[in-house]
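K.L.:
Numbering (the working numbering), first residue to last: 28 to 117.
#1: Would you say residue 82 and residue 93 are within 8 Å of each other, going by their C-beta atoms?
#2: By a C-beta neighbour count over all protein chains shown, 10 Å radius and 16 as the cutoff for buried, is residue 130 buried or exposed?
#3: Using the Cβ count rule (16 or more neighbours within 10 Å means buried), how would you classify residue 85?
#4: Compare the Cα-Cα distances from residue 99 to each of 107, 68, 78, 73 and report the closest residue.
#5: With 16 as the cutoff for other CB atoms within 10 Å, does residue 66 come out buried or exposed?
#6: Going by C-alpha distance, which of 88, 97, 107, 87 is nearest residue 70?
#7: Any idea what DSSP makes of residue 106, helix, strand or coil?
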């Protein structure tokens, strides 16, 4: 797998340093981070690659690891908000 420039993928694997930088750059809430600022365990390499694949197709360009990470964190935040709203409505 050859990565395009700026995608954050090296030797077919996402660059974990870029992922950690994304957490800082996108002002990730502290409760979403694991030990030592690492991303949560549910964001694994396979999920990042799949997110890049899906959104790259949608955007018509390569989506970087940082962008894929931000997408995943935002979707989780949205899901939490929707669940909380549904629970409040009951």
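For glycine and all other residues, C-beta sits at the position ideal for the given N, C-alpha and C.
P.N.:
Inspection of the coordinates gives the following:
#1: In the chain shown, counting from the first residue as 1, residue 82 sits at position 55. In the chain shown, counting from the first residue as 1, residue 93 sits at position 66. Taking 8 Å as the Cβ cut-off, residue 82 and residue 93 do not qualify as a contacting pair.
#2: This structure gives no information on residue 130, because the portion of the chain shown stretches from 28 to 117.
#3: By 1-based counting over the chain shown, the position of residue 85 is 58. Counting Cβ neighbours within 10 Å, residue 85 comes out exposed, since fewer than 16 surround it.
#4: For the purposes of this step, residue 99 is identified with residue 72 of the chain shown, where counting begins at 1. Cα-wise, what sits closest to residue 99 is 78.
#5: For the purposes of this step, residue 66 is taken as residue 39 along the chain shown, with counting starting at 1. So residue 66 ends up on the buried side.
#6: Locating residue 70 in the chain shown gives position 43, counting from the first residue. With distances taken between Cα atoms, residue 70 lies closest to 97.
#7: By 1-based counting over the chain shown, the position of residue 106 is 79. Helix.
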